[in-house]
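Note sheet for the following structure.
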Amino acid sequence: MDLSQPARTAPTGREALNAAFWDLGLRFEWDEATWGVLVEMEDLPSQIAYYLEHWQPHLLAVYEPAFLASLVESRLAVPTGSRMGMEAMSRA
Numbered sequence: 250m251d252l253s254q255p256a257r258t259a260p261t262g263r264e265a266l267n268a269a270f271w272d273l274g275l276r277f278e279w280d281e282a283t284w285g286v287l288v289e290m291e292d293l294p295s296q297i298a299y300y301l302e303h304w305q306p307h308l309l310a311v312y313e314p315a316f317l318a319s320l321v322e323s324r325l326a327v328p329t330g331s332r333m334g335m336e337a338m339s340r341a
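The sequence shown begins at 250 in my numbering and counts up one residue at a time.
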């Protein structure tokens, strides 16, 4: 067991973002190739804007990238154990 690395208890980076998208009912999934492009950008609003422009342009008619970024950031702030997908919330 390598004790020099912290135990991985929660998803990070791309995995965390994909989980937050799912929790919010957004069917975005950033694969490794997409992430390789987006990770070079300075912030989440820029990443979301680029993603929407290139892969989901129809959503730009209804969502501002900064608004979506604020939703995602809020969702990421919720403890992992208490997050659930939209489908589970609708059954509660």
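Backbone N, C-alpha and C fix where the C-beta goes; we use that ideal spot for every residue, glycine too.
The beta carbon of L308 is closer than 7 Å to those of L301 in its chain, skipping five residues each way along the sequence.
Relative to L275, the option among V286, I297 and P328 whose CA is nearest is I297. Here DSSP, grouped into helix, strand and coil, assigns R276 to coil.
Taking 9 Å as the cut-off, the Cβ atoms of L325 and L287 do not count as close.
Given a length threshold of 4 residues, each whole run of the alpha helix (DSSP H) inside the region 292 to 335 is given here in chain order: 293 to 304 and 314 to 326. W279 is the residue among E291, W279, G285 and F316 whose C-alpha sits nearest the C-alpha of W304.
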